[in-house]
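Under UniProt numbering, the first residue of the sequence shown is numbered 1, with each subsequent residue one higher. The C-beta atom is built at its ideal place from N, Cα and C for all residues, glycine as well. The model shown is predicted, which means the values in this text are computed figures rather than measured ones.
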Amino acid sequence: MESQTAYKILFTDYPDVVNVEQMCNMLGGICNKTAYKLLKSNKIKSFIVGRRYRIPKLNILEYLELIDKSTA
């Protein structure tokens with residue numbers, strides 16, 4: 001799927017940068033423990049503001065392999 005199309009169609013109810021709880025919901029309701037494992041292993045790229053993870057929605061789409069990392 002083209003990256004711009006996927007970005008516009010999927011997860012429209014979420015902001016461009018989400019927190020861990022929102023990411024869990026986006027990934028089908030995974031638990032926090034699994035979410036933190038994905039973040040700490042860098043399978044989903046994120047950044048930390050203060051003590052909280054922030055995850056760009058684009059990185060979640062890349063993890064789900066819905067968009068190509070080279071075209072993002």
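The beta-bridge partner set that DSSP reports for residue 55 consists of 18. Distance check between residue 64 and each of 54, 53, 49, 45 places 45 closest, using alpha-carbon atoms only.
As computed with DSSP, residue 48 is found in a beta bridge with 53. Under a 10 Å Cβ-count criterion, residue 31 is classified as exposed, with fewer than 16 other Cβ atoms of the shown protein chains found around its own Cβ. The three-state reading of DSSP puts residue 66 in coil, since its state is none of H, G, I, E or B.
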